[in-house]
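For the sequence shown, the numbering used here gives the first residue as 657, with consecutive numbering after it.
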Amino acid sequence: MQCSTTGDVLTLEHQELQGRTINLRWSRDCQAAWAELTGGMPGDDALVQNSTGETQHRSIVSGSTTYSPMVNDENLTVRACVTLRSGSQKCTLHH
């Protein structure tokens, strides 16, 4: 996707699970959304999904933060989820 994520970017919602924070991030310029996972551990996964089922995810390989690739969010609803290595999961509401 050719767009800048430094301009009009909002955090629509966040949830916490066992010290990890999953942020649902959205760019008006890009008309796209992505998941930002902070406070995580290697093996934790950040996922974003829109209402048409388009899903992107990325696991932490090293460090404590990762970002999923973007999904289209033009007039759609999206959610972000964190899945821990243990299998526990928590998601934001659809926006």
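Every residue, glycine too, gets a C-beta built ideally from N, C-alpha and C.
Beta carbon of Arg-676 nearer than 8 Å to that of Gly-695: yes
Whole-number beta carbon distance between Glu-672 and Leu-680, since they are thought to touch under 8 Å: Between Glu-672 and Leu-680 the Cβ distance is about 13 Å, and since that is not below 8 Å, they are no contact.
Alpha-carbon to alpha-carbon, Gln-674 and Val-734: 23 Å
Range covered by the beta strand (DSSP E) that runs through Glu-692: 688-694
Local conformation of Arg-714 per DSSP, three classes: strand
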